[in-house]
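J.: Please find one structure pasted underneath; my questions will follow.
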Amino acid sequence: MTFRFEHLHLRSLDAVKAGLFYVETFGAREVAREGGESVTRVVLDLGGLTLFIEQAPEAGPAAKPPNRGIEHIGLAVDDIEGAVADLKKRGIGFVFDITDVRPGLRTAFLDGPDGVRIELLQRG
10 MTFRFEHLHL RSLDAVKAGL FYVETFGARE VAREGGESVT RVVLDLGGLT
60 LFIEQAPEAG PAAKPPNRGI EHIGLAVDDI EGAVADLKKR GIGFVFDITD
110 VRPGLRTAFL DGPDGVRIEL LQRG
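Sequential numbering of the sequence shown, starting at 10, is according to the working numbering.
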């Protein structure tokens, strides 16, 4: 039996606004909106990752890292210094600035909508 990754599903207080964050911040492409005039789900392509963002106003509070379950989304970049500088210029705050984790791995972390922790990482 073979398993393949298919999608990541997030829940949001405002799916449209959260989707716009990923489009404007990381260049994701909106693929679809479901639910008609009252949007129930936004579907994005984030660098080949299918991301479902479901409207979920009744959901409890967002998890605060470190937490169980999905801890963060990792996005690879070729130039972490340039990516972090660009995002900061656009008003994006970072939880952890650029850190040299070990030789060949540099990371930085920010929080997206609904408490989703996002890691930028550069390998090499």
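Ideal Cβ placement from N, Cα and C applies to all residues, glycine included. Being a predicted model, the structure only gives us computed values, none of them experimental.
Leu22 to Lys73, Cα distance in whole Å?
T.: Cα to Cα, Leu22 sits roughly 16 Å from Lys73.
J.: For the beta strand (DSSP E) that contains Gly28, what are its first and last residues?
T.: Careful: Gly28 lies outside any beta strand (DSSP E), inside the alpha helix (DSSP H) at Ala24 to Phe35.
J.: Measure the alpha-carbon distance for Glu15 versus Phe61 and round it to whole angstroms.
T.: Straight-line Cα distance between these residues: approximately 11 Å.
J.: Using the rule of at least 16 other Cβ atoms within 10 Å of the residue's Cβ for burial, across every protein chain shown, is Arg20 buried or exposed?
T.: Arg20 comes out buried.
J.: Taking the alpha-carbon positions, what's the Gly91 to Arg126 distance?
T.: Cα-Cα distance, rounded: 20 Å.
J.: Let me confirm a value: Val93 is counted as buried when at least 16 other C-beta atoms fall within 10 Å, else exposed. Which label applies?
T.: Classification of Val93: buried, given that the 10 Å Cβ count is 16 or more.
J.: If we count the other Cβ atoms within 10 Å of its Cβ and call it buried at 16 or more, is Pro75 buried or exposed?
T.: That one is exposed.
J.: Please go through the segment 41-124 and give each complete beta strand (DSSP E) segment of 3 or more residues, from N-terminal end onward.
T.: Runs of the beta strand (DSSP E) inside the segment 41-124: 50-55, 58-64, 82-85, 105-111 and 114-120.
J.: One question on the structure: do Glu63 and His18 come within less than 8 Å of each other, judged by their Cβ atoms?
T.: Their beta carbons are under 8 Å apart, which means Glu63 touches His18 by this criterion.
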